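Novice: Numbering (our numbering), first residue to last: 4 to 182.
Here it is, the structure, as structure tokens.
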């Protein structure tokens, strides 16, 4: 028999923050390894108002930075710096079609940031049953624009149910039939 045990997110580190966000200049964010298999060009080529930011490093960073000079590429961020970056965003865009999970989606949601992604394994497993916190669409631009309308408090609430405590409880519940 197969039992599910999901990854959790550190909801004490990743949480909403009071930051000055410009409503007329939204921030579209993605976080992760900057590599071809992450399909970042699908995100970077979208016509969206405001700013785009790619946090992370990898073999494609410099070539993408040259091809998309209007996009911010601050490099790798960790800890509180990363959590603050998430909290600044209006939408977290997850352009990968090949990731098997994408914990970054849970980190964004824990910061109150809605998710836009393709309806493929990974996003379907993490947020596929939660249209109140994520928009999954084969048109990533349409998904991003629609996700911007989602409620940030609802996003946080969703992530709280997937924190480390919840993940540990799920693991223990899966062990109990084996006792």
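Positions of the beta carbon are idealized from the N, C-alpha and C atoms, including for glycine.
It should be emphasised that the depicted structure is a prediction, and the values quoted were computed from it without experimental measurement.
Could you please give me the residues that DSSP links to residue 109 through a beta bridge?
Specialist: Its beta-bridge partners do not exist; DSSP assigns none.
Novice: Among 135, 176, 49, which one has its Cα closest to the Cα of residue 159?
Specialist: Selected option, being the one with the closest Cα: 135.
Novice: Between the Cα of residue 92 and the Cα atoms of 57, 70, 104, which residue gives the shortest distance?
Specialist: With distances taken between Cα atoms, residue 92 lies closest to 57.
Novice: Touch check for the segment 31-38 and the segment 122-130: three-plus C-beta pairs under 8 Å?
Specialist: No, because fewer than three Cβ pairs between the segment 31-38 and the segment 122-130 fall closer than 8 Å, the two stretches do not touch.
Novice: What are the start and end residues of the beta strand (DSSP E) that includes residue 30?
Specialist: Start and end: 30-34.
Novice: Mind checking which residues open and close the alpha helix (DSSP H) that includes residue 174?
Specialist: Per DSSP, residue 174 belongs to the alpha helix (DSSP H) from 167-178.
Novice: Give a yes or no on contact between the segment 100-114 and the segment 68-84, applying the rule of three or more CB pairs nearer than 8 Å.
Specialist: Taking 8 Å as the limit for Cβ pairs, the verdict is that the segment 68-84 does not touch the segment 100-114.
Novice: Give me the Cβ distance between residue 117 and residue 150, rounded to the nearest whole Å; I'm assuming they're in contact under 8 Å.
Specialist: Yes, they are in contact, since the Cβ atoms of residue 117 and residue 150 sit about 4 Å apart, within 8 Å.
Novice: Starting from the Cα of residue 18, find the closest Cα among 167, 90, 64, 175 and give me that residue.
Specialist: With distances taken between Cα atoms, residue 18 lies closest to 90.
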